[in-house]
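Asker:
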Amino acid sequence: MTSTESVNSFGARDTLAVGDDEYQIYRLAAVPGTEKLPYSLKVLAENLLRNEDGANITKAHIEAIANWDPSAEPNTEIQYTPARVIMQDFTGVPCIVDLATMREAVAALGGDPDQVNPLAPADLVIDHSVIAEFANTPQAYEANVALEYQRNTERYQFLRWGQGAFSDFKVVPPGTGIVHQVNIEYLAHVVMSRNGLAYPDTCVGTDSHTTMVNGLGVLGWGVGGIEAEAAMLGQPVSMLIPRVVGFKLTGSIRPGVTATDVVLTVTEILRKHGVVGKFVEFYGKGVAEVPLANRATLGNMSPEFGSTAAIFPIDGETINYLRMTGRSEKQLALVEAYAKAQGMWHDVDHEPAFSEYVELDLGDVVPSIAGPKRPQDRIELSDAKNAFRKDIHTYTEDADAPAAGGNVAEAAGAKLDFADDGSIESAARGAEGRPSKPTLVHTDSQDFILDHGAVTIAAVTSCTNTSNPEVMLGAALLAKKAVERGLHAKPWVKTTMAPGSQVVTDYYEKAGLWPYLEKLGFYLVGYGCTTCIGNSGPLSPEISAVINEADLTATAVLSGNRNFEGRINPDVKMNYLASPPLVVAYAIAGTMDFDFEHEALGVDSEGAEVFLADIWPTQQEIADTIGASISQEMFTKSYADVFTGDERWRAIETPAGNVFDWNPESTYVRKPPYFDGMPAEPAPVTDIAGARVLALLGDSVTTDHISPAGAIKTGTPAAQYLDAHGVKVKDYNSFGSRRGNHEVMIRGTFANIRLRNQLLDAIVDGGVSGGYTRDFTQDGGPQAFIYDASENYVKQDIPLVVLGGKEYGSGSSRDWAAKGTALLGVKAVIAESFERIHRSNLIGMGVIPLQFPAGQSAASLKLDGTEVYDLTGITALNDGVTPSTVHVTATKADGSTVEFDAVVRIDTPGEADYYRNGGILQYVLRNMLKAK
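For our numbering, add 84 to where a residue sits in the sequence shown, where the first one is 1.
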């Protein structure tokens, strides 16, 4: 997006000739000092220079970034205007729901509904709705897609309406690919050109892994849906000029090491270094050794580091990738000429000044996995078995018990037919050094034994790796060698393949590798995120029953970026991230209790043992396969009609009109209450008095813990709502698919089965997991669902607070983690520290984020959540002042008090404006009315 009138204080507007074409640009060279900036800050500097208006963006702002002090802490607020917005359907549907609602609100306050329109181009890719219900079968893809349309037709109708009703809003239909892969393969421009003006492609996205596009040199990051909506409506992103961490890459990757191994190593390094709220920028001679797909993998994992962005500069590899993916020669010429003219082309001999420095010799990286519950917990593959045996003791209390083949069968009291692949024997190996509970599973086709550590899900999934031909073809070549040596996946493993785009299918077919993946059970289940976001689908009933009845600790291995507790599947406790080839290998091993270096995966037809090293493809084999099977034509063909969709998409009946006709019976799309009764001018903010604690939480509470996600469990408030509306259990669908219905989502907020609300420890020995709290509107404060307690508090006008620990709100940029919090009646969250996106989203929903004094916590202050809270000093915001602290008084039942000054985490004047207006959307809407 570009400003209509630029003040142009530096006389920077100039002409750039590219072949026979001419473009207007804003030359950075006109601003002294910008030549010294890191690449990422040059992008921000150009953004300010081009959008200078003398009010929101002034000459002083441009000079501040030009004179950036790498060693200083961020203290200068700027207004950054992204060129476009990218969304996926889970987070995008609420955005369009809110825009549709804003049209009605504008009309109600005397404005024109058509004022509400994206001013920045917005693309939405439907990739989060497909669930791997069916797997291990050739019919899996068609069956899953049919279910997807059956369940989501209401949502898809709404999105098709939005594409017609809003200008500059396009929808990529289901079955095309994962949003971030579609972004780098097709949507991203690297350099934009509109109305004769050329400028860097930048974006914000409603998925935290928007940072994948950083690999292309495009500055972009994930924001909450509410912040994305504001960007679509022309509001700049308010931010502080960040610190930039220079990550120097040297050396070359060793044979047998994958991009996944590199990214898990970088994640571990940067988590330890500390990069929350900072930019990470890769530089050095080693950058040239990193293929674009690997750069995208590194950029993708930025949220796992905690950084805002993790970017590579533009160079020849960028141009090669753009050419391979079918961009025009005209666009390639523009990208190269613009980058060189602006000093944005990577110069290996130039080292910019950075705030902090980190270095990695790529030759030091070894094969790795990460788990069992955090992406930064890297484990060297050679130590994976030992690490599993240490970690499993935190998941089970079973005593050690040796187990061996036939003895286990006898102990189980059953006569077993051993499978040809020896599955029973391999499942019941000796269990010395770890808890063991070998348990018989009987199915119609086969009997086998499950034990702790059994790999029940092996999934090639998520944008992190499925965009990378090197690891995807590596997995397929490993499958080929495994099949040729007579190896099989274990029968208890749910194997799924969810490519990031149709191009992957094309090159698998051209390379002749699909049959080998399918022989191991890796059939196509859909083009979407699937397992990585909790859309893994159910395990077989027999396996699920045994896991739950015997309380087995099952595991999942996935080529994803998120493995938080409770995220992947409710039957699986331990989740491990691994490269696609290792996902295939673990499907064959069938257990995490496995040493790939010293234990054989099986025996071949001649009786020889087969080890992982025997079937691991060489780098040359992978390179040769890439060269022979991937072409530019694949990309141009796959994206030729990207917005058209298949017959199913085109056959959906679509409503008309510029204001949406809400269906009062819909359980998917409902008008939210954010603007109900909203006056044209905001009411003064008030202090918070007489508040109760809704939840007392510990460290590392993620947005997955807070936001509704995954399957809807029977008997819960969300299920009760659907029951009351005549929805059958089999049609509950996922929370993500129902994000357009606030009634469902509010009932699932703070309801993750792994959430531990310490407020319950006082009445239940050992605490309770899940969406429960104490309801102090009732005598004695009995246990209740969080939603039910919230309803009672709201009825009595009792405000609520949440107490948290360190890194509160880490993880995905889930807008519903903030929306649900606000709709439950929470007015403040007091935590030891916040992660960036969730803190911002809380303010965007009118919830004030506060931090305990340095070194203090709920525990150190002896707060147990039963107190009544009064927060004073918030009203200073009415005078245009953001207080540094507010005073908190917590009164216990005996009348004693705990008092402290909580740090106000409203970090910028823009955020203060949002809070004063009751939220970012209310702020935008009021400004629209003033501008009419």
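Where a beta carbon is used, it is the ideal one built from N, C-alpha and C, also for glycine.
What number of angstroms, rounded off, separates the C-alpha of I790 from the C-alpha of A204?
Answerer: Taking the first residue of the sequence shown as position 1, residue 790 is located at position 706. Taking the first residue of the sequence shown as position 1, residue 204 is located at position 120. In a straight line, the C-alpha of I790 is about 30 angstroms away from that of A204.
Asker: Could you compute how far the alpha carbon of L376 sits from the alpha carbon of L557?
Answerer: Counting from 1 along the sequence shown, the entry for residue 376 is found at position 292. Counting from 1 along the sequence shown, the entry for residue 557 is found at position 473. Their Cα atoms are separated by approximately 16 angstroms.
Asker: Which of the three DSSP states is assigned to Q223 in this structure?
Answerer: Position 139 of the sequence shown, counting from 1, holds the residue named residue 223. Three-state result, Q223: coil.
Asker: When you compare each of S155, Y233, E435, A724 to E119 by their alpha carbons, which one comes out closest?
Answerer: Translated into the one-based positions of the sequence shown, residue 119 becomes position 35. Nearest option by C-alpha distance: E435.
Asker: Is the beta carbon of Y110 sitting closer than 9 angstroms to the one on M323?
Answerer: Counting from 1 along the sequence shown, the entry for residue 110 is found at position 26. Counting from 1 along the sequence shown, the entry for residue 323 is found at position 239. No, these two residues do not count as a Cβ contact at 9 angstroms.
Asker: Check whether the Cβ atoms of L406 and V274 sit closer than 9 angstroms, and answer yes or no.
Answerer: Taking the first residue of the sequence shown as position 1, residue 406 is located at position 322. Taking the first residue of the sequence shown as position 1, residue 274 is located at position 190. Their beta carbons are under 9 angstroms apart, which means L406 touches V274 by this criterion.
Asker: Identify which residue in P166, V359, E238, N298 has its Cα closest to the Cα of T286.
Answerer: As a first step, residue 286 must be located in the sequence shown, where it is residue number 202. Comparing Cα positions, the closest option is P166.
Asker: Between the alpha carbons of L806 and G280, how many angstroms are there, rounded?
Answerer: For this step, residue 806 is matched to residue 722 along the sequence shown. For this step, residue 280 is matched to residue 196 along the sequence shown. The alpha-carbon atoms of L806 and G280 are separated by roughly 52 angstroms.
Asker: What does the Cβ neighbour count give for P1036, buried or exposed, with the cut at 16 atoms within 10 Å?
Answerer: Given a span of 85 to 1016 for the chain in the structure shown, any question on residue 1036 remains unanswerable.
Asker: If you drop the 5 nearest sequence neighbours on each side, which residues of the same chain put their C-beta closer than 8 angstroms to that of I453?
Answerer: For this step, residue 453 is matched to residue 369 along the sequence shown. So the qualifying residues of the chain are L348, R462, I463, L465, A468, V641, Y660, L661, A662, L666.
Asker: Taking G644 as the reference, which of F860, L382, E717 has the closest Cα?
Answerer: On the sequence shown, position 560 is the one that residue 644 refers to. Of F860, L382, E717, the residue nearest in Cα terms is L382.
Asker: Alpha carbon to alpha carbon, how far is V885 from Y892? Give it in angstroms, no decimals.
Answerer: What you label residue 892 is simply residue 808 of the sequence shown in a count that begins at 1. What you label residue 885 is simply residue 801 of the sequence shown in a count that begins at 1. Looking at the two C-alpha atoms, the distance is approximately 14 angstroms.
Asker: Near V972, what residues of its chain come up, given a Cβ to Cβ distance below 6 angstroms and the 5 sequence neighbours on each side ignored?
Answerer: Locating residue 972 in the sequence shown gives position 888, where the first residue counts as 1. For V972, where only same-chain residues beyond five positions count, the Cβ hits under 6 angstroms are L955, F984, A986.
Asker: To which residues does DSSP link C287 through a beta bridge?
Answerer: Mapped onto the sequence shown, residue 287 falls at position 203. Per DSSP, R168, G304.
Asker: State the CB to CB distance for the pair E440 and V329, rounded to an integer number of angstroms; the pair is presumed to be in contact (CB under 8 angstroms).
Answerer: Position 356 of the sequence shown, counted from the start, is the residue given in the question as residue 440. Position 245 of the sequence shown, counted from the start, is the residue given in the question as residue 329. Correct: roughly 5 angstroms between the Cβ atoms.
Asker: Kindly identify the DSSP beta-bridge partner or partners of V214.
Answerer: Residue numbering aside, residue 214 sits at position 130 when the sequence shown is read from its first letter. Answer is none; V214 lacks a bridge partner.
Asker: On the DSSP bridge list, what partners appear for T709?
Answerer: Position 625 of the sequence shown, counted from the start, is the residue given in the question as residue 709. Answer is none; T709 lacks a bridge partner.
Asker: Closer than 8 angstroms: is that where the CB of S750 sits relative to any heavy atom of the ligand COA?
Answerer: By its list of ligands, the structure shown contains no ligand whatsoever, and the ligand COA lies outside what it can speak to.
Asker: Measure how close the beta-carbons of L843 and R858 come, nearest whole angstrom, since I'm counting them as under 8 angstroms.
Answerer: Within the sequence shown, the letter at position 759 stands for residue 843. Within the sequence shown, the letter at position 774 stands for residue 858. With a Cβ gap of about 5 angstroms, L843 and R858 count as contacting.
Asker: Consult DSSP for I57 and reduce its assignment to one of helix, strand or coil.
Answerer: Because residue 57 is not part of the residues shown, which for the chain are 85 to 1016, the question remains open.
Asker: What's the C-alpha gap between A191 and K126?
Answerer: Along the sequence shown, read from residue 1 onward, the residue named residue 191 stands at position 107. Along the sequence shown, read from residue 1 onward, the residue named residue 126 stands at position 42. So the alpha carbons of these two residues sit roughly 41 angstroms apart.
Asker: Using 10 angstroms around the beta-carbon of N841, count the other beta-carbons present and answer buried if the total reaches 16, otherwise exposed.
Answerer: For the purposes of this step, residue 841 is identified with residue 757 of the sequence shown, where counting begins at 1. By the 10 Å Cβ count, N841 comes out buried.
Asker: For the alpha helix (DSSP H) that S628 lies in, which residues bound it at each end?
Answerer: The count along the sequence shown starts at 1 and reaches residue 628 at position 544. Unbroken alpha helix (DSSP H) run through S628: 625-633.
Asker: Determine whether the beta carbon atoms of I310 and I1004 lie at a separation below 9 angstroms.
Answerer: Within the sequence shown, the letter at position 226 stands for residue 310. Within the sequence shown, the letter at position 920 stands for residue 1004. Yes.
Asker: Expressed to the nearest angstrom, what Euclidean distance is found between the alpha-carbon atoms of F918 and S894?
Answerer: Here residue 918 corresponds to residue number 834 of the sequence shown, with the count starting at 1. Here residue 894 corresponds to residue number 810 of the sequence shown, with the count starting at 1. Whole-angstrom Cα-Cα distance: 7 angstroms.
Asker: Suppose the cutoff is 7 angstroms on Cβ atoms and the five residues either side in sequence are ignored; what does the same chain contact list for G497 look like?
Answerer: On the sequence shown, residue 497 is found 413 positions in, with the first residue counted as 1. Annotation note: pLDDT 29 at G497 (below 50); position unreliable, coordinate value reported separately. Here the set comprises nothing.
Asker: Helix, strand or coil for M186 per DSSP?
Answerer: If you number the sequence shown from 1, residue 186 lands on position 102. Three-state DSSP puts M186 in a helix.
Asker: Of all the alpha helix (DSSP H) runs that stay within the bounds of the segment 555-600, which reach a length of 4 or more residues?
Answerer: Segments of the alpha helix (DSSP H) lying fully in the segment 555-600: 586-595.
Asker: So, is P801 buried or exposed, given that buried needs 16 or more other C-beta atoms within 10 angstroms?
Answerer: By one-based count along the sequence shown, residue 801 stands at place 717. Answer is buried; the Cβ neighbour count reaches 16.
Asker: On a CA-only basis, which of G711, A673, M929 is nearest L696? Give me that one, please.
Answerer: Within the sequence shown, numbered from 1, the residue matching residue 696 stands at position 612. Closest option to L696, Cα to Cα, is A673.
Asker: Could you check whether E313 and V753 sit closer than 9 angstroms to each other, using their CB atoms as the reference points?
Answerer: Within the sequence shown, residue 753 is the residue found at index 669, counting from 1. Within the sequence shown, residue 313 is the residue found at index 229, counting from 1. Result no, Cβ atoms of V753 and E313 do not sit closer than 9 angstroms.
Asker: Is the beta carbon of F813 less than 9 angstroms from the beta carbon of R822?
Answerer: Within the sequence shown, residue 813 is the residue found at index 729, counting from 1. Within the sequence shown, residue 822 is the residue found at index 738, counting from 1. The question names Phe, but residue 813 in the sequence shown is Val. Against a cut-off of 9 angstroms, the Cβ pair of R822 and V813 comes out as no contact.
Asker: Using the C-alpha atoms, what's the distance from P756 back to L208?
Answerer: Position 124 of the sequence shown, counting from 1, holds the residue named residue 208. Position 672 of the sequence shown, counting from 1, holds the residue named residue 756. If you take the alpha carbons of L208 and P756, they lie about 21 angstroms apart.
Asker: Of the choices A189, D137, S412, whose alpha-carbon is the least far from that of F719?
Answerer: Position 635 of the sequence shown, counting from 1, holds the residue named residue 719. Comparing Cα positions, the closest option is S412.
Asker: Could you give the residue range of the beta strand (DSSP E) that holds A543?
Answerer: Working through the sequence shown from its first residue, we reach residue 543 at position 459. 539-544 is the extent of the beta strand (DSSP E) around A543.
Asker: Counting along the chain, where does the alpha helix (DSSP H) carrying S386 start and finish?
Answerer: The sequence position of residue 386 within the sequence shown is 302, counting from 1. Where S386 is concerned, the enclosing alpha helix (DSSP H) stretches over 386-389.
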